[in-house]
Amino acid sequence: MVDRTAISRKLIPDMIQTAKTTEPAWMRTILLGIALLFLLCFLVLPLAAVFTEALRRGFGAYLASFRDAAAMSAIRLTLLAAGIAVPANLVFGLAASWGIARFKFPGRNLLVTLIDLPFAVSPVISGLIYVLLFGMQGALGPWLAQHNIQIIFAVPGIVLATVFVTFPFVARELIPLMQEQGSEEEEAALLLGASGWQTFWRVTLPNIKWGLLYGVILCNARAMGEFGAVSVVSGHIRGKTNTVPLHVEILYNEYNFVGAFAVASLLALLALLTLVIKSALEWKIRAEAALQVEEAA
Amino acid sequence: MSIEVRNVSKTFGGYVALRNVSLCVGNGELVALLGPSGSGKTTLLRIIAGLEVPDAADGSAVIVAGEEISARNARERRVGFVFQHYALFRYMTVFENIAFGLRVRPREERPAKAGIRERVNRLLELIQLDGLAHRYPAQLSGGQRQRVALARALAIEPKVLLLDEPFGALDAKVRQELRRWLRRLHDEIHVTSVLVTHDQDEALEVADRIVVMNQARIEQTGTPEEVFHNPASQFVMEFLGHVNLFHGRVESGKAVVSNDASTGAPIFVRPFDLEIHREARGAAPMRARVRRIQSAGPSAKVELAGDNGQPILVEMSHDRLRELSLRRDDAVFVNPREAKVFLDDYSI
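Chains as they are written, first to last, in this note's numbering: chain A, 1 to 297; chain B, 1001 to 1348.
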């Protein structure tokens, strides 16, 4: 009996190894159960609650919540803020990652750190900074007032705050991607006589398109869902400076639960859609990376 | 078309990559830049291509086909460049990759669609990949990819062709096949070419002339035969294959190796320029003991230890090995052949 064990151990060391590194079945069930329970309590139940509350008085009441002028205005403002913030950060993110991935220059590391700043700073603080800068008591406030320019408690402030908090998404996604791909393909294009634009459109952009789209999707989700920073600079003027997340809060505070959850369900749907697109992109990126690696080997 | 590089230096921060280097490549020649990594050979190639800008200095110039091109950027130089890791456009098919250089031309210089197709097809034939025009780079083997990269570089009818370690990423067998193929191709199309490599066999086999580089300078320029048989310096000698280092003195034009390794001038002898005998012969034979016999390969290699434990490597034919019937730990005598013994900077 002892001998046999010794032999089998010698013959199949891999299997022994696997058995040693795997937990017993009951342990696996418990660990998995805890994870699933956690997921259920903190993700699935709240999501379900949003939709059940929104539809509590029927589909008619649900739709009616959107027909309200204030709700429509909030949706428009959110679309406007995202519509400006996403393209702005797309262009900025491309330029920054190009610069950082392709060139070595003094202050390069500082720039990388600065790009991460919005992730490090609490959104409320970043909103507050704008108030301190552009508000009536702020540094530029009196000058702005003289020239009749209102930023705080107005649309420009909301757009600025949104741009700030969504600033890192595209650049963060592209910098490692472009660093990994290197600049040889671009050099090759240049040597073959392509202009800067031709190189960008025909070589650089196709190489980063999935990563870029991924960054844009995340950037958009955050732009539409941002609460803290926007809340500070908005002033909560109904029908004027309320975005969708702020409008949800107001409705909730007014005990208009159906309205609050109906509008919130929009954000939830956006989140679900983002997740689906994100997973599809991740799958796509992984599949292409695997192809490159497999063929290179 | 000829290439001339005059007094070019390049520093990266505090690091000197090239120190006042001058180089001439004749029309239709295939020249190999050979050296260890960090010797500056790739930097020199990238300066010719316009991918790096040399340090500003008086008398510094890069001249291709009689024209000074230092002021032109990489896009305007029309050089063909082949990268070590292919650098094929991954989202384009083989056909599109090769056609790229023609398609990006301004409208008035661009060939018509049919003209582009014809030229790409001709190049595909040249690189023997006719059937694979619609594959993507990821679907090709390393050797096939590098041939596509070469066709892509040739498509723009470059004035010169620059190859940066083109076979460095390939396995040994493919590398050998491909470098013979490259040599045949060069004999066919005669485009002036510069090939960067750290593999001395590759340089010796492929190039018309070899430029040996070391520490940002050119050590020697010459035909493969010249640099191999008449190396200009200890570095070139050591870089172009294994050498045994002895010490001794020079007596009336002959090297006399002393058994005491600590005295005298250094003498370098290639493994195949040493002979093994059972009995003492010649002026000053060295006593040695056989440590290892390695007879797999085109020639037999015998590792010995000298009197003071110094390692000696001798290469001989299999016939000679059989004749000697050596065994491990046999005591033998080693003689340098009369032919070639090199002293530090001059040969005897």
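Heads up, the beta-carbon is just placed ideally off N, CA and C, and yes, glycines get one too.
*May I ask you to list the residues that DSSP assigns as paired with Q1084 (chain B)?*
Note: Q1084 (chain B) sits in no beta bridge, so no partner.
*Identify the contact partners of L191 (chain A) in chain B, using a Cβ-Cβ distance below 7 Å as the criterion.*
A1049, A1074, V1079, F1081
*Give the range of the alpha helix (DSSP H) segment to which C219 (chain A) is assigned.*
205 to 225
_Less than 7 Å between CB atoms is the rule here; does V203 (chain A) satisfy it with respect to chain B?_
yes
*Out of B:D1164, B:E1029, B:A1288, B:I1003, state which residue places its alpha-carbon closest to the alpha-carbon of A1331 (chain B).*
B:A1288
*If T1042 (chain B) sits next to V1196 (chain B), beta carbons under 8 Å apart, how far is it from one beta carbon to the other, in whole angstroms?*
6 Å
*asked:* In whole angstroms, give me the CA-to-CA distance for V159 (chain A) and R1075 (chain B).
replied: 41 Å
*Looking at C-beta atoms only, is the number of pairs between the segment 1070 to 1086 of chain B and the segment 1047 to 1059 of chain B that lie closer than 8 Å three or more?*
yes
*I34 (chain A) versus I277 (chain A) - alpha carbon distance*: 28 Å
*Does A194 (chain A) get closer than 7 Å to chain B when you measure Cβ to Cβ?*
yes
*asked:* Within 8 Å, do at least three Cβ pairs link the segment 259 to 275 of chain A to the segment 66 to 79 of chain A?
replied: yes
*Take the Cβ of R76 (chain A) as the centre, count every other Cβ of all protein chains shown within 10 Å, and call the residue buried at 16 or more, exposed below.*
exposed
*Of all Cβ atoms in chain A, is any one closer than 7 Å to the Cβ of T1011 (chain B)?*
no
*asked:* Judging by CA-CA distance, which residue of B:I1218, B:Q1176, B:F1095, B:D1164 is the nearest neighbour of E1205 (chain B)?
replied: B:Q1176
*Alpha carbon of V1243 (chain B) to alpha carbon of E1315 (chain B), nearest angstrom*: 11 Å
_Cβ distance (whole Å) where D1279 (chain B) is taken to contact R1337 (chain B) below 8 Å_ = The residue you asked about is not Asp; residue 1279 (chain B) is Glu in the sequence shown. Incorrect: roughly 17 Å between the Cβ atoms, too far for contact.
*Going by the CB atoms, is the gap between P1158 (chain B) and R1145 (chain B) shorter than 7 Å?*
no
_Residues that DSSP places opposite E249 (chain A) in a beta bridge_ = Beta-bridge pairing links E249 (chain A) to no other residue.
_Reduced DSSP secondary structure (H/G/I, E/B, other) of N1308 (chain B)_ = coil
*Which partner residues of T1221 (chain B) appear in the DSSP bridge assignment?*
B:V1211
*Taking only the alpha-carbon atoms, compute the straight-line gap between N1335 (chain B) and V1269 (chain B) and give it to the nearest angstrom.*
10 Å
*Just tell me which of A:I285, A:G182, A:A221, A:R222 has its CA closest to the CA of V203 (chain A).*
A:G182
*Let me know the secondary structure DSSP gives P1266 (chain B) once reduced to three states.*
strand
_Beta bridge counterpart(s) of M1316 (chain B) as assigned by DSSP_ = B:A1300
*Inside the segment 106 to 185 of chain A only - alpha helix (DSSP H) runs reaching at least 4 residues*: 108 to 120, 123 to 134, 141 to 146, 155 to 166, 168 to 181
*For the alpha helix (DSSP H) containing M72 (chain A), list its first residue and its last residue.*
69 to 102
*Bridge partner(s) assigned by DSSP for H1247 (chain B)*: B:P1266
*Which residues bound the beta strand (DSSP E) around I1293 (chain B)?*
1286 to 1294
*Give a yes or no on whether 7 Å exceeds the smallest Cβ distance from A1296 (chain B) to chain A.*
no
*Within the 7 Å Cβ cut-off, does Y1091 (chain B) reach chain A?*
yes
*asked:* Could you check whether the Cβ of F1100 (chain B) sits closer than 7 Å to any Cβ belonging to chain A?
replied: yes
*asked:* With distance defined between alpha-carbon atoms, name the residue in B:A1207, B:D1201, B:D1199 nearest to D1187 (chain B).
replied: B:A1207
*Taking just the CA atoms, how far does Q1128 (chain B) sit from A296 (chain A)?*
Note that A296 (chain A) scores 49 on pLDDT, short of 50, meaning its location in the model is unreliable and no value can be drawn from it.
*Which stretch, first to last residue, makes up the alpha helix (DSSP H) that contains E1205 (chain B)?*
1200 to 1206
_So, with DSSP's three-state summary, where would you put Y1136 (chain B)?_
coil
*Does DSSP classify H304 (chain A) as helix, strand or coil?*
Residue 304 (chain A) is absent from the structure shown; chain A starts at 1 and stops at 297.
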